[in-house]
Amino acid sequence: MTAESGSDNSVTKKTGAMAVVNLPVLREEIDLHPGPREKDGYPTWTLHDPVTNQFYRLGWQGFEILRRFENFQTVDELLADVNAHTTLHLERDDVLNIVRFLYANELAQSSNDHQARRLAEKSNNRKKAWWKQAAHSYLFLRIPLVRPDPFLECTKAYVRPLFTRAFFIIMLGFMVLGMVLTLFRVDEFANTFMHFFSWQGLLIYIISLVFVKICHELAHAYSAKLSGVEVTVMGVALIVLYPVLYTDTSGAWKIVDKNARLRIGYAGVMAEFYLAACALVLWHFLPDGALKSAAFFIATVSFLITVSVNFNPFMRFDGYYLLADMLGIDNLQYRAFALTKWHLRGWILGVKAPKPEQFKPSLQRLVIVYGYATWVYRFFLFVGIAILIFYLFPQPIGVILMVVELGFFIVFPIAGELKIWWEERQKMSVGGKRVIGGILAMAIFMAVFPWRSSVEVPAVMQAQAYQKVNVPISARIDDMRVQHGQIVEKGDVLLVLRSDSLDSKITQVQHKVKMLGQQINIAQRNQALIKERPALVSKQREEQTRLDSLISMRDRLTLRADTKGQVFYAQDFLHEGLWLSSGDLIMEIVNTDSQVLYAYVDERSYGRIQGGAAGTFYPDNVLHVPLPVKLQDVDTVSTRYLNYPELASVYGGPIAVDAGGQDNQLIAHNAIYRLRLAPVRDMSSLQIPSLRVRGAVVVEGRGESLLYNAFRHIRAVVIREFGI
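My numbering numbers the first residue of the sequence shown as 2 and each following residue consecutively.
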């Protein structure tokens with residue numbers, strides 16, 4: 002990303018006469034550079050403060066005033082000279098506004114004790130309390146690492162060919178080649194295994210990521226250097242403790258050529274595009290392993306994330322600066338927010354305040370829309386970051402950091418705007434007061450009215466009577482007696498399995514039993530062998546017991562229905578002669594006449610559930626109609642074990658679980674309570690597609706307002722995390 006240094010230059014608002022007549026003296030180190038032309042062709046100039054590295058854009062009027070500061074002592078003398086020697090017709094306030102601008106941004110020397118005291122007070126006001134400094138450092142902190150300008154100056158000649166049109170065409174050809182090669186291996190490419198789960202793979206992943214981001218920042222730096230801009234620093238910025246490399250190319254505001262500034266803005270993304278093109282081609286030649294996974298990562302995930310993040314105009318990354326340059330509006334966000342606040346106050350309060358600055362109507366609408374869109378985007382972004390922080394950090398640190406983040410980015414800005422609204426209440430129109438009153442009344446009503454009277458919980462519907470038909474031992478299908486969807490009665494033969502090895506064992510044992518019987522008969526008649534008879538009888542009994550067990554096992558290969566119901570094949574292409582392994586699920590027998598539903602509710606909504614409540618079951622399959630149900634039973638004790646894999650997050654379900662429990666049990670992240678429900682109408686006419694149907698139950702519960710719901714959630718978090 003690139004870093005912008007700038008400040009608001011919309012200080013030309015007329016505020017009345019100013020008592021000070023003497024012109025201030027500009028600080029000696031202040032520079033004035035020609036700037037790019039506006040869209041209407043008017044020239045601009047850039048005022049640079051090298052101490053703070055801030056840049057300010059001036060129009061023709063401001064330039065003509067500033068360039069005469071050294072030649073005149075008073076405002077009136079300067080005003081007369083401008084009006085006499087240019088086609089401008091300025092008023093005294095135009096010059097005074099420039100004076101105020103210089104003092105406000107500390108660009109002028111203090112000429113008396115009063116001004117010196119004001120500068121000292123302003124400096125003291127900028128000094129934050131230690132807790133504010135700590136909070137701001139946690140939210141955003143820049144760590145300068147290197148001053149790369151000498152290195153860039155020495156090496157820019159070597160990288161200059163990389164910024165030419167010819168090199169772009171070559172890389173575009175690489176990308177096309179990679180895409181053509183990938184077309185023939187789309188499935189293999191899409192299912193590339195990420196070999197990052199060993200420490201070697203993780204190291205390669207980290208090196209790849211760092212390498213890509215360094216190339217991204219060097220592209221910004223070299224592009225700026227080739228355009229004559231000094232790159233003062235490169236380093237790491239911590240955004241809510243997340244490290245992001247940055248390059249300070251704020252000197253780009255000195256560049257007159259607008260296209261050159263645009264090239265600096267998109268240079269980082271172009272560098273990653275080149276890397277992605279090379280990685281895509283390399284993927285086809287690398288052997289399976291971590292390097293191939295790294296090539297896949299660079300060609301897809303890294304590049305797509307970079308495009309989506311860096312070209313996002315709502316955050317101050319590359320896309321923001323590109324948009325600002327294309328619109329020709331410096332400090333776009335600052336000025337857009339000022340204009341959007343003006344529009345919001347006029348719309349809601351009816352306050353007729355002057356515009357912060359003038360734009361063409363079409364551009365003004367675009368800037369206002371951008372301001373509103375940025376507010377909405379940032380609101381959801383910061384809320385999402387706050388939730389992520391809450392879960393990533395140990396408690397209570399997570400709660401504290403979440404509150405700090407929400408306070409700085411959401412609560413404080415809103416509170417500051419509401420404070421201004423309160424201060425401007427006397428300027429409100431009657432319509433504005435009515436709008437504010439209506440909004441407050443609506444907000445209070447929506448907060449305290451118990452809107453939520455129903456509870457939605459994940460559920461499964463299953464037959465009360467059902468049978469899973471599994472293979473008892475490895476065998477082949479010898480005789481299929483039923484078809485998929487067929488209705489069977491209890492005791493019907495479903496299929497007959499045959500095991501050649503089992504038949505062979507039975508034949509062998511039968512032969513042993515027969516031989517032992519013959520030996521027993523011989524011993525019975527031969528006095529010399531009579532003593533061996535008891536041992537032979539005992540051995541015959543053992544073999545007979547074994548034979549009975551084998552025959553019983555063979556009988557189990559004739560699979561029968563234990564209940565009346567409908568047959569559902571669990572495997573495709575079941576046919577006679579197909580070999581099956583022990584334990585394989587062949588089919589299910591589902592009695593569709595009687596169904597039961599089991600649902601799980603979390604502890605936040607448990608108190609709103611009422612026994613006997615009516616509800617509706619909505620199957621995930623939209624082809625099946627909703628089913629009215631009634632709550633029959635609610636467990637009074639919570640559980641952490643989930644008995645239905647269909648509802649588990651590891652299998653695509655809505656309940657967050659871990660699958661690392663004893664015997665691979667599914668353990669819910671939070672306590673859950675089981676509900677038992679039953680359909681309220683006859684189920685015999687419905688076609689149930691399988692043993693279980695996943696869906697959601699919406700059951701009537703106790704009404705709850707948004708305010709009470711928020712209070713209950715906050716109380717639960719405080720009790721859980723702080724043990725209060």
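Virtual Cβ for every residue (Gly too), placed ideally from N, Cα, C.
The model shown is predicted, which means the values in this text are computed figures rather than measured ones.
Practice problem: Using alpha carbons as the reference points, say which of Cys155, Gln484, Glu543 and Gln528 lies closest to Leu575. | Solution: For the set Cys155, Gln484, Glu543 and Gln528, the Cα lying nearest the Cα of Leu575 is the one of Gln484.
Exercise. Output the distance between the C-alpha atoms of Asp504 and Lys491, rounded to the nearest integer angstrom.
Key: The alpha-carbon atoms of Asp504 and Lys491 are separated by roughly 28 Å.
Exercise. Mind checking which residues open and close the alpha helix (DSSP H) that includes Thr45?
Key: Run containing Thr45: none in the alpha helix (DSSP H); it sits in the beta strand (DSSP E), Thr45 to Asp50.
Quiz item: Does the count of Cβ pairs from the stretch 359 to 377 and the stretch 331 to 343 closer than 8 Å reach three?
Solution: Inter-segment contact for the stretch 359 to 377 and the stretch 331 to 343 is present: three or more beta-carbon pairs are separated by less than 8 Å.
Exercise. Return the bridge partner residues of Lys469 from the DSSP annotation.
Key: Partner(s): Glu589.
Quiz item: With contact counted as at least three CB pairs below 8 Å, one residue from each stretch, are the stretch 218 to 225 and the stretch 263 to 281 in contact?
Solution: The stretch 218 to 225, when compared against the stretch 263 to 281, does touch it at the 8 Å Cβ threshold.
Quiz item: Span of the beta strand (DSSP E) holding Gly566?
Solution: For Gly566, the enclosing beta strand (DSSP E) covers residues Gly566 to Tyr570.
Quiz item: What does Pro620 pair with, by DSSP beta-bridge criteria?
Solution: In the DSSP assignment, the residues bridged to Pro620 are Gly696.
Quiz item: If you draw a straight line from the alpha carbon of Tyr652 to that of Arg695, how long is it in whole angstroms?
Solution: So the alpha carbons of these two residues sit roughly 12 Å apart.
Practice problem: Determine contact between the stretch 458 to 475 and the stretch 516 to 536, defined as no fewer than three beta-carbon pairs at a distance below 8 Å. | Solution: In this structure the stretch 458 to 475 does not lie against the stretch 516 to 536, because fewer than three pairs of beta carbons, one per stretch, are closer than 8 Å.
Quiz item: According to the Cβ coordinates, are Val497 and Thr559 closer than 8 Å?
Solution: Contact annotation: Val497 and Thr559 have beta-carbon atoms nearer than 8 Å.
Quiz item: Between Ile265, Ala295 and Val213, which lies nearest to Gly202 when the distance is taken from Cα to Cα?
Solution: Ranking Ile265, Ala295 and Val213 by Cα distance to Gly202 puts Ala295 first.
Exercise. For Thr75, name the three-state secondary structure that DSSP assigns.
Key: In the structure shown, Thr75 falls within a strand segment according to DSSP collapsed to helix, strand and coil.
Quiz item: Over what stretch of residues does the alpha helix (DSSP H) that includes Tyr636 continue unbroken?
Solution: Per the sequence shown, residue 636 should be read as Asp rather than Tyr. Counting along the chain, Asp636 falls outside any alpha helix (DSSP H), and DSSP gives it neither H nor E.
Exercise. Kindly indicate which three-state DSSP category Asn671 falls into: helix, strand or coil?
Key: Secondary structure of Asn671 (DSSP, three-state): strand.
Exercise. Identify the continuous beta strand (DSSP E) that holds Pro151 and give its terminal residues.
Key: For Pro151, no beta strand (DSSP E) run applies; the uninterrupted alpha helix (DSSP H) run containing it begins and ends at Asp150 to Val160, by DSSP.
Quiz item: Where in the stretch 495 to 564 do unbroken runs of the alpha helix (DSSP H), each at least 4 residues long, occur, reported from the N-terminal end onward?
Solution: Complete alpha helix (DSSP H) runs here, min 4: 501 to 526 and 534 to 556.
Quiz item: Which class does Ile488 belong to by DSSP, given the choice of helix, strand or coil?
Solution: It is a strand residue.
Quiz prompt | Burial state of Asn311 (16 or more Cβ within 10 Å) | solution = Counting every other CB atom within 10 Å of its CB across the protein chains shown gives Asn311 a total of 16 or more, marking it as buried.
Quiz item: Can you round the beta-carbon distance between Val234 and Pro288 to whole angstroms, since I take them to be within the 8 Å contact cut?
Solution: Not really, about 41 Å apart at Cβ, beyond 8 Å.
Quiz item: Does the beta carbon of Leu402 come closer than 8 Å to any beta carbon on chain C?
Solution: Of the chains in the structure shown, none is chain C; there is only one protein chain.
Quiz item: Expressed to the nearest angstrom, what Euclidean distance is found between the alpha-carbon atoms of Val405 and Arg336?
Solution: Using only the alpha carbons, I get a separation of about 26 Å.
Quiz item: Going by DSSP, what residues sit across from Met180 in a beta bridge?
Solution: Per DSSP, none; premise fails for Met180.
Quiz item: If Arg646 sits next to Leu667, beta carbons under 8 Å apart, how far is it from one beta carbon to the other, in whole angstroms?
Solution: First, the residue type needs correcting, since residue 646 is Pro and not Arg in the sequence shown. About 7 Å separates the beta carbons of Pro646 and Leu667, which is inside the 8 Å limit, making them a contact pair.
Quiz item: So what does DSSP say about Pro357, is it helix, strand or coil?
Solution: In the structure shown, Pro357 falls within a coil segment according to DSSP collapsed to helix, strand and coil.
Quiz item: For Asn23, does the count of other Cβ atoms within 10 angstroms reach 16, so buried, or fall short, so exposed?
Solution: By the Cβ neighbour-count rule, Asn23 is exposed, with fewer than 16 other Cβ atoms within 10 Å of its own.
Quiz item: Residue range of the beta strand (DSSP E) that Ile478 falls in?
Solution: From DSSP, the beta strand (DSSP E) with Ile478 extends over Ala476 to Met481.
Quiz item: Sorted by chain position, which residues of the same chain lie with C-beta nearer than 8 Å to Ile66's C-beta, five sequence neighbours on each side aside?
Solution: Beyond the five residues adjoining it in sequence on each side, Ile66 comes within less than 8 Å, by CB distance, of Leu79, Val83, Leu91, Asp95, Val96 and Ile99 in the same chain, given in chain order.
Quiz item: Do you know offhand how far Lys15's Cα is from Leu333's?
Solution: Low confidence applies here, because Lys15 scores a pLDDT of 40, under 50, leaving its location unreliable; read the following figure in that light. Pairing Lys15 with Leu333, the inter-Cα distance amounts to about 22 Å.
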